[in-house]
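All remarks here apply to the structure that follows.
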Amino acid sequence: MSFLPPSIVVFDLGKVLLDFDYSIAGRRIAACTNMSDDDVKRFLNQSPLLYRYETGPMTRQEFFDEVRQATGFRGDLAEFGGFFADIFSEMPPMIALHAALRRQGIPTYIFSNTNDLAIEHIRRNFPFFANFDGYILSYEVGSMKPDSKIYEALEALTGKRGAEILYLDDRPENVEAGAARGWQVILQTDPDQSRRAVEQLGLLAPA
Ligand SMILES: [Mg+2]
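Each residue of the sequence shown is one higher than the one before, counting from 11 in the working numbering.
Written out as structure tokens, the structure reads:
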């Protein structure tokens, strides 16, 4: 019943808790190839290759081998991984919102389309990332939002369903897939609006 406050809060990662910019990776990687920054960025961000890597049938090494073949990248996997993953920055109001929910004792989860290079980098560089009750990651589940399999994996891991779940994501198709399962949802457009929406659901006192 949607008039009850949700009992867990599920966060998308990119553009919800962490900002990211693939053009940073494009520039650094392109410097080790004969391709332009934009071509490398497009290759990384929009190719079916990233989809395969982030849905798990492909290992980090296989991903790197295909990138090297397609771009002529001259460095090694460690160098590539550093460039590829170092594209994130914290969104401070959202990190604070998450911390406030933790202080209220509300369980929180990460629900992300991502890959192991990114997660390794994020674990090492962003302490807030340790403070969740669980992580539902596309490359581990073998499914990407908005595909139903990853939503089912979240429900199985948390033991929660329907309106017990509050879910924040910046992509309309992902949010809609959650709403279709009866989850309470917030389409994030800006952090202040997300904060107010969480307050209106009764999870936090107005700041
Ligand atoms: Mg996102």
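Think of the CB as a built atom: it goes at the ideal place given N, C-alpha and C, for glycine as much as any other residue. Predicted model only: the values in this text are computed from it and were never measured.
Delimiting residues of the alpha helix (DSSP H) encompassing residue i
| i | result |
| --- | --- |
| E174 | Careful: E174 lies outside any alpha helix (DSSP H) and carries neither H nor E. |
| D275 | The structure shown has nothing for residue 275, since the chain only spans 11 to 217. |
| K25 | Counting along the chain, K25 falls outside any alpha helix (DSSP H), and DSSP gives it neither H nor E. |
| R62 | 58-64 |
| T168 | 158-168 |
| A95 | 87-95 |
Residue i beta carbon near ligand 1 (any heavy atom closer than 8 Å)
| i | result |
| --- | --- |
| V26 | yes |
| L60 | no |
| D179 | yes |
| D157 | no |
| D22 | yes |
Start-to-end residues for the beta strand (DSSP E) that takes in residue i
| i | result |
| --- | --- |
| D126 | D126 -> not in any beta strand (DSSP E); alpha helix (DSSP H) instead, spanning 126-135. |
| S99 | 98-100 |
| Q79 | No beta strand (DSSP E) contains Q79, which is instead part of the alpha helix (DSSP H) from 70-81. |
| L28 | 28-30 |
Option in the options with minimal Cα separation from residue i
| i | options | result |
| --- | --- | --- |
| S99 | P137, E165, S148, T69 | P137 |
| G4 | I105, R70, A106, G82 | Because the chain is modelled from 11 through 217, residue 4 falls outside the range shown and cannot be assessed. |
| K159 | N123, P58, L60 | N123 |
| R78 | I105, T65, M45 | M45 |
| G66 | R113, D126, R206 | D126 |
| L211 | I175, T199, D180, R191 | I175 |
| E130 | F94, D143, I105 | F94 |
| I105 | I97, V50, T118 | T118 |
| A41 | F74, G82, S57, E72 | G82 |
| A80 | I39, E89, V195 | I39 |
| P16 | D179, G172, Q203 | G172 |
| D202 | L178, D47, Y32, F139 | L178 |
Beta-carbon separation (whole angstroms), residue i vs residue j, contact threshold 8 Å
| i | j | result |
| --- | --- | --- |
| L197 | V185 | 5 Å |
| A187 | Y161 | 6 Å |
| K170 | I18 | 5 Å |
| L54 | A35 | 6 Å |
| R112 | N141 | 6 Å |
Beta-bridge pairing of residue i - partner residues as DSSP gives them
| i | result |
| --- | --- |
| L197 | D179 |
| T218 | Residue 218 is absent from the model: the chain starts at 11 and stops at 217. |
| W145 | The amino acid at residue 145 is misidentified as Trp; the sequence shows Tyr. BP columns for Y145 point to I120. |
Check: residue i C-beta below 8 Å from any heavy atom of ligand 3
| i | result |
| --- | --- |
| F94 | Ligands present in the displayed structure are limited to ligand 1, and ligand 3 is not among them. |
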